[in-house]
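Enquirer: This note's numbering puts the sequence shown at residues 224 to 540.
Have a look at the structure that comes next, please.
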Amino acid sequence: MSQSDTTVSTRFSLLPGSITRFFLLLIIVLLVTMGVMVQSAVNAWLKDKSYQIVDITHAIHKRVDTWRYVTWQIYDNIAATTTPSTGEGLQETRLKQDVYYLEKPRRKTEALIFGSHDSATLEMTQRMSTYLDTLWGAENVPWSMYYLNGQDNSLILISTLPLKDLSSGFKESTIGNIVDSRRAEMLQQANALDERESFSSLRKLAWQNGHYFTLRTTFNQPGHLATVVAFDLPINDLIPPGMPLDSFRIEPDATQATGRSSEKEAPDSVTISFNGSKIEISSALNSTGMRLIWQVPFGALLLDTLQNILLPLLLNI
């Protein structure tokens, strides 16, 4: 066999190994490309959700500031008015023991008074209800206000919910439980001399699928029990459609509480943490001492990531 035949044979014997190395290199390049694409998609997903959480906290903070102002308006101007009485024709209906319904033309809000009270409390309830008719006139989500009257210890509930029907229907026990819970919270805050304002965790109104938290404000009155005004502030209309409401929480923020006195408006900050099989993205609610937390299963991140990279990956292959 000639030398040229030997060279050709050697060249062909090495060819399969070269092909193997080429395909190994190609696989490595594809894996690296996939890794970069996955990392980029994950970072983009986390960044997008973080921006959404910050936007939600801004909207909640704006809502809190708005209803702080309304709280003071109600206490200073609506409830404490000294104008001559124009409510001689006001009527109330006794629904059951110590529960009274304010009769008024059908408007946006309805009002209940719990406990013994006089005509001044009835007139005050009518004024507050009329004022809230205007504020809540265009709202589609449930709104409620609780007013613990330090003058006679009665509790006033004004809401966009059909209170009369709920109080006499199959949800009577639910309304009663909510009112009892609010009264206990407000009495506790009234007796806490060092607590002027407080917030609840996120709550759910089951039959309305309403998610809300409560803003409570205390007004001390010499010689009387403190008056406490509480608003249930809904968040349903502040959450983007793609983020389930049940995945949100509002909890006390220890870091914000320590720095609250020195810095009223802290810069936006987002914390991302992995809690077992779930991802938690949280951001502070400025000037409230609370923090909004969004918890989502890790599988949701993987699913969204695959959807975002599947088409580019197929195109690259």
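Beta carbons are placed, not taken as given, at the ideal position from N, Cα and C, and that holds for glycine.
Computed from a prediction, not measured in an experiment: that's the story for all the values here.
Should N432 go down as buried or exposed, given a rule of 16 or more other Cβ atoms within 10 Å for buried?
Expert: So N432 counts as exposed.
Enquirer: Starting from T316, trace the beta strand (DSSP E) in both directions and tell me its first and last residue.
Expert: Note, T316: beta strand (DSSP E), 314 to 319.
Enquirer: If we call anything under 8 Å between Cβ atoms a contact, is T441 one with S423?
Expert: Not in contact: T441 and S423 (Cβ atoms no closer than 8 Å).
Enquirer: Return the residue from the list Q530, W517, A413 that minimises the CA-CA distance to I276.
Expert: Nearest of Q530, W517, A413 to I276, Cα basis: W517.
Enquirer: Can you find the residues in the same chain that come closer than 6 Å, C-beta to C-beta, to A334, ignoring five residues on each side of it along the sequence?
Expert: Taken in chain order, the residues that qualify are L325, T348, S352, I381.
Enquirer: Give me, in chain order, the residues of the same chain whose beta-carbon lies closer than 8 Å to that of V322; leave out the 5 immediate sequence neighbours on both sides.
Expert: Answer for V322: L335, I336, F337, S390, listed in chain order.
Enquirer: On the DSSP letters alone, give me the boundaries of the beta strand (DSSP E) that Q431 sits inside.
Expert: Q431 -> no beta strand (DSSP E), and no H or E assigned at all.
Enquirer: Tell me which same chain residues have a C-beta within less than 8 Å of the C-beta of S485, skipping the five on either side of it?
Expert: Reliability of the predicted coordinates at S485 is poor, the pLDDT of 43 falling under 50, and no value is obtained from them.
Enquirer: Where S506 and I279 are concerned, what is the direct C-alpha to C-alpha distance, given to the nearest angstrom?
Expert: S506 and I279: Cα-Cα distance of roughly 9 Å.
Enquirer: By how many angstroms is the C-alpha of L524 removed from the C-alpha of V265?
Expert: Each residue's Cα considered, the two are about 7 Å apart.
Enquirer: Relative to the C-alpha of M466, which candidate in S273, T256, M257, N300 has its C-alpha closest?
Expert: Nearest C-alpha to M466: S273.
Enquirer: Ignore the nearest five residues each way along the sequence and tell me which others in D527's own chain have a CB closer than 7 Å to its CB.
Expert: The residues are W268.
Enquirer: Which partner residues does L384 have in the DSSP bridge list?
Expert: BP columns for L384 are empty, so no partner.
Enquirer: Got a sec, what are the start and stop residues for the beta strand (DSSP E) L325 sits in?
Expert: Looking at the DSSP string, the run of the beta strand (DSSP E) that includes L325 is 322 to 326.
Enquirer: Enumerated in chain order, which unbroken segments of the beta strand (DSSP E) with a length of 3 residues or greater are wholly contained in the region 327 to 392?
Expert: Qualifying beta strand (DSSP E) stretches, in chain order: 333 to 337, 367 to 371, 378 to 382.
Enquirer: Please classify T528: does DSSP put it in a helix, a strand, or coil?
Expert: The answer is helix: DSSP assigns T528 an H, G or I state.
Enquirer: Would V259 be called buried (16 or more neighbouring beta carbons within 10 Å of its own) or exposed?
Expert: Under this definition V259 is an exposed residue.
Enquirer: Using the three-state DSSP reduction, which class does N498 fall into: helix, strand or coil?
Expert: It is a strand residue.
Enquirer: Work out the CA separation of M257 and I502 for me, nearest whole Å.
Expert: In a straight line, the C-alpha of I502 is about 22 Å away from that of M257.
Enquirer: I believe I473 touches L425 by the beta-carbon criterion, under 8 Å. Please report the beta-carbon distance rounded to the nearest angstrom.
Expert: Yes, they are in contact, since the Cβ atoms of I473 and L425 sit about 4 Å apart, within 8 Å.
Enquirer: Rounded to a whole number of angstroms, what is the C-alpha to C-alpha distance between K327 and Y292?
Expert: Rounded to the nearest angstrom, the two C-alpha atoms are 26 Å apart.
Enquirer: According to DSSP, I516 sits in a beta bridge with which residue or residues?
Expert: Note: I516 sits in a beta bridge opposite R472, S505.
Enquirer: Can you give me the Cβ contacts of M409 inside the same chain, cut-off strictly under 8 Å, excluding the 5 residues immediately before and after it?
Expert: Hits under 8 Å: Y369, L371, L378, R439, V451, A453.
Enquirer: Helix, strand or coil for L249? Go by DSSP, reduced to three states.
Expert: Helix, per DSSP.
Enquirer: Could you pull the start and end residues of the beta strand (DSSP E) that S421 belongs to?
Expert: Its beta strand (DSSP E) spans residues 420 to 422.
Enquirer: Please report the distance separating the alpha-carbon of E315 from that of D341.
Expert: Going by the C-alpha atoms only, they are around 11 Å apart.
Enquirer: Along the beta strand (DSSP E) that carries E450, what are the first and last residues, could you check?
Expert: The question names Glu, but residue 450 in the sequence shown is Thr. Its beta strand (DSSP E) spans residues 450 to 457.
Enquirer: Helix, strand or coil: how does DSSP classify T511 here?
Expert: T511 falls in the coil class under three-state DSSP.
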